Amino acid sequence: MIRFLIDTTVAKRDLYGNCYSYSIVTSTKTGASLAIDSGAMSNGGNVTALLRNAGLEWSSIHYSESMLPIRRFNAARKVLQNPLYEHLVTGEIILALEG
25 MIRFLIDTTV AKRDLYGNCY SYSIVTSTKT GASLAIDSGA MSNGGNVTAL LRNAGLEWSS
85 IHYSESMLPI RRFNAARKVL QNPLYEHLVT GEIILALEG
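Counting in this note's numbering, the sequence shown runs from 25 upward without gaps.
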């Protein structure tokens with residue numbers, strides 16, 4: 025059974041090779057979601073790893089990824105409601121979305 029949906033949006037690499045991303049994690053049980061801004065640190069795979077470290081199996085996580093040009097990415101990131109920065113997020117914070 026899928027417990028969490030992870031929708032990651034990645035910006036195309038800029039002139040200097042930097043790649044930015046953010047993820048929206050949604051609990052299928054409660055519908056609660058959390059926005060995680062990864063900055064230039066990763067492409068969203070770390071969010072999946074946090075859930076694996078918290079004891080979830082791969083079959084309970086659905087991961088999707090889309091890529092946008094940098095300007096569209098920046099516009100999409102502006103509408104996120106109070107995103108947490110990836111280095112502040114733990115598996116326990118994400119599991120708390122289930123109530």
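All residues carry an ideal CB built from backbone N, CA and C; glycine is no exception. Quantities reported herein were computed from a predicted structural model and do not represent experimental measurements.
Sequence-distant residues of the same chain with beta carbon closer than 8 Å to residue i, five excluded per side
| i | result |
| --- | --- |
| PHE28 | VAL49, THR50, SER51, THR52, LEU75, LEU80, SER84, ILE85, HIS86, ILE118, LEU121 |
According to DSSP, residues forming a beta bridge with residue i
| i | result |
| --- | --- |
| VAL103 | Paired residues: none, contrary to the question. |
| ASP61 | TYR46, TYR109 |
| VAL71 | DSSP, once it has assigned bridges, lists no residue as partnering VAL71. |
Burial state of residue i, where buried means 16 or more other Cβ atoms lie within 10 Å
| i | result |
| --- | --- |
| LEU58 | buried |
| TYR46 | buried |
| TYR44 | buried |
| THR54 | exposed |
Residues near residue i by beta carbon distance below 6 Å, same chain, minus five either side
| i | result |
| --- | --- |
| ASN77 | GLY115 |
| PRO93 | LYS36 |
| ARG101 | TYR46 |
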